[in-house]
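Here is the structure we will look at, set down as structure tokens.
Residue numbers (this note's numbering): 0 to 350.
Shown next as structure tokens:
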């Protein structure tokens, strides 16, 4: 069996795969993180089953990719990260804000969302329903409520099911018995929908929101998380960290010590006031060479004709994104590797 065939077999046999990742990651060890990754199936899995009516989405018969409403089309996927500041009942009670959020999400094929604060389990379903109001086919995967205080948060992925598949039993959160991370990363494996699934781009997304008071130690922990994900990839070397790091590219020293790991966004503000750079996507340019070189920060003010005060009602963060070929590099005419920013090997930057 070829390496590519093995990779597809793993993707479409999630139960066996979930068991294997537990064993392999445990054997590899992981220092302060407890040494392994634990799929959070009892929590995330139940939400997935609820959303898809008990059977999960069709992950065995990929259809040809089709354009999402307003998003990337055809040969590329746009993957974004968006901290939707304090997403809850108050924000969802503002029709203009919900309309803007929905329009933003429709520009992308996968959006990793941070800072879902509400205890109401219908917040994300309501948002996705609005996203699909114009005929889209977006779905979501959501993680458990995380945090050390009463103010807990959830991560989610909202994705265009016409453009990507996901592996239901790959859904999980990092097990962190030493409590190094305030909000443990939430990871999912995706596969681009094409008419040739054996050549399609498959990838892991690892969603993160660091604690602004504990950035250095959390970035060091994330370096361990990334290394564990890479070392337990089961023939999958495309791992992308994305989220709100509460650090600019020049301040990510611990992650900069991971060989090959680089940022997409550099020297650009990612908050709505355009004063800070906190949000990013990171990956190894040598292995994730499906990256087309196209990336950016989505300006809510410019794209939606808003004043600053209006944009701040949507979020105090801006979406950040990167574009990737739908074809696995070397297998289907995928784009050659694009340019990403080099992380510092050393830095005297202070917060």
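Glycine included, C-beta positions come from ideal geometry on N, C-alpha and C.
As the structure is a prediction and not an experimental result, all values here were calculated from the model.
Contact under 9 Å by Cβ, residue 179 with residue 220 = Between residue 179 and residue 220, the gap from beta carbon to beta carbon is short of 9 Å.
Rounded distance between the beta-carbons of residue 157 and residue 127, thought under 8 Å | Contact flag correct, Cβ pair sits at about 6 Å.
What's the C-alpha gap between residue 93 and residue 99?
-> Roughly 10 Å separates the two Cα atoms.
Keeping to the same chain, check which residues put their C-beta closer than 6 Å to that of residue 247; ignore five residues upstream and five downstream.
-> Answer for residue 247: 276, listed in chain order.
With a cut-off of 8 Å, do at least 3 Cβ pairs link the stretch 276-285 to the stretch 297-313?
-> The count of Cβ pairs closer than 8 Å, one atom from the stretch 276-285 and one from the stretch 297-313, stays below three, leaving the stretches out of contact.
Could you tell me which of 113, 285, 132 sits nearest to residue 153, measuring between CA atoms?
-> The option with the nearest alpha carbon to residue 153 is 113.
Give the range of the beta strand (DSSP E) segment to which residue 324 is assigned.
-> Unbroken beta strand (DSSP E) run through residue 324: 319-324.
Where does residue 354 sit, in a helix, a strand or coil, going by DSSP?
-> Residue 354 is absent from the structure shown; the chain starts at 0 and stops at 350.
If we count Cβ pairs, one from each stretch, closer than 8 Å, do we get three or more for the stretch 311-323 versus the stretch 262-273?
-> Yes: the two stretches touch, three or more of their Cβ pairs being nearer than 8 Å.
So, is the C-beta of residue 146 closer than 9 Å to a C-beta in chain C?
-> Among the protein chains of the structure shown there is no chain C, as only one such chain exists.
If you draw a straight line from the C-alpha of residue 125 to the C-alpha of residue 256, how long is it?
-> Taking C-alpha positions only, residue 125 is separated from residue 256 by approximately 41 Å.
Roughly how many whole angstroms lie between the Cα atoms of residue 165 and residue 140?
-> Going by the C-alpha atoms only, they are around 9 Å apart.
At what residue ranges does the stretch 89-118 contain a whole run of the alpha helix (DSSP H), taking only runs of 4 or more?
-> With a minimum length of 4 residues, the continuous alpha helix (DSSP H) runs that stay inside the stretch 89-118 are 94-104.
Contacts around residue 123, its chain only, beta-carbon distance under 6 Å, and the 5 residues preceding and following it disregarded | Taking C-beta separations shorter than 6 Å and ignoring five residues to either side along the sequence, the partners of residue 123 in its chain run 139, 141, 155, following chain order.
Return yes when the Cβ of residue 325 is within less than 9 Å of the Cβ of residue 73, no when it is not.
-> Taking C-beta atoms as the reference points, residue 73 and residue 325 count as a pair closer than 9 Å.
CB of residue 314 within 9 Å of CB of residue 84, strictly | Closer than 9 Å, so yes.
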